[in-house]
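Below is one structure, written out as structure tokens, with a few remarks after it.
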Amino acid sequence: SYSVSRLISGIVVEKENRIREGMRMMGLSEAAFYTSWFLTYFAIFVFISVSLSLILFHGLVLAYSSPILTALFFVLFGLATFSFGFLVSTLFSNAKQAATLGVMAFFISQFCVQAVSEDTPRMVKRL
Numbered sequence: 024s025y026s027v028s029r030l031i032s033g034i035v036v037e038k039e040n041r042i043r044e045g046m047r048m049m050g051l052s053e054a055a056f057y058t059s060w061f062l063t064y065f066a067i068f069v070f071i072s073v074s075l076s077l078i079l080f081h082g083l084v085l086a087y088s089s090p091i092l093t094a095l096f097f098v099l100f101g102l103a104t105f106s107f108g109f110l111v112s113t114l115f116s117n118a119k120q121a122a123t124l125g126v127m128a129f130f131i132s133q134f135c136v137q138a139v140s141e142d143t144p145r146m147v148k149r150l
């Protein structure tokens with residue numbers, strides 16, 4: 024959730040301060056702008072995913088799981104989180120509101136996924 028907050032607030036701060044418009048006047052294309060954000064957070068997510076996967080594998084928490092598949096799962100979750108952050112950042116023009124409500128929306132969406140999942144016990148779904 025911290026990465027979601029940082030991503031959303033970073034994008035909205037650029038929107039608030041009109042940094043993006045200034046870069047566009049200097050010739051920066053939209054593709055280069057979004058690619059820079061993507062590569063920055065993709066590198067962070069890959070580093071965290073590989074590190075976490077190795078720690079869990081060598082710490083015998085996930086001893087019987089493949090560390091490569093675990094790292095791939097974490098990277099894909101990071102990309103989904105990144106996409107969610109970009110989606111939410113388009114809805115706000117104030118960075119503090121965007122970060123707060125974006126994280127709340129992230130957690131609410133996770134609870135909704137658990138509510139409709141078939142693996143969730145019936146008793147929990149009633150709550």
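Under the numbering used here, think of the first position of the sequence shown as 24, with each following residue one higher. Ideal Cβ placement from N, Cα and C applies to all residues, glycine included.
By the neighbour-count criterion, in which 16 or more other beta carbons inside 10 Å mark a residue as buried, residue 59 falls on the exposed side. Residues of the same chain with a CB within less than 7 Å of the CB of residue 32, apart from the 5 flanking positions on each side, are 118, 121 and 122 in chain order.
Scanning its chain for C-beta atoms nearer than 7 Å, with the 5 sequence neighbours on each side dropped, one finds around residue 69 the residues 98, in chain order. Runs of the beta strand (DSSP E) spanning 3 or more residues and lying entirely within the region 81-145 do not occur at all. With respect to the 8 Å criterion, residue 115 and residue 35 are classified as neighbours on the basis of their beta carbons. DSSP places residue 41 in the coil class of the three-state scheme, outside both helix and strand. Note on residue 139: under 16 other CB atoms within 10 angstroms of its CB, so exposed under the neighbour-count rule.
For the pair residue 95 and residue 45, the Cα-to-Cα distance works out to about 37 Å. The beta carbon of residue 39 sits closer than 8 Å to those of 116, 117 and 118, all from its chain and outside the five residues before and after it, given in chain order.
Within the same chain, 97 come within 7 Å of residue 75 by CB-CB distance, once the 5 residues on both sides are set aside.
The C-alpha of residue 93 lies about 43 Å from the C-alpha of residue 48. A direct Cα-Cα distance of roughly 20 Å separates residue 52 from residue 65. Here residue 136 is exposed, its C-beta having fewer than 16 other C-beta atoms within 10 Å.
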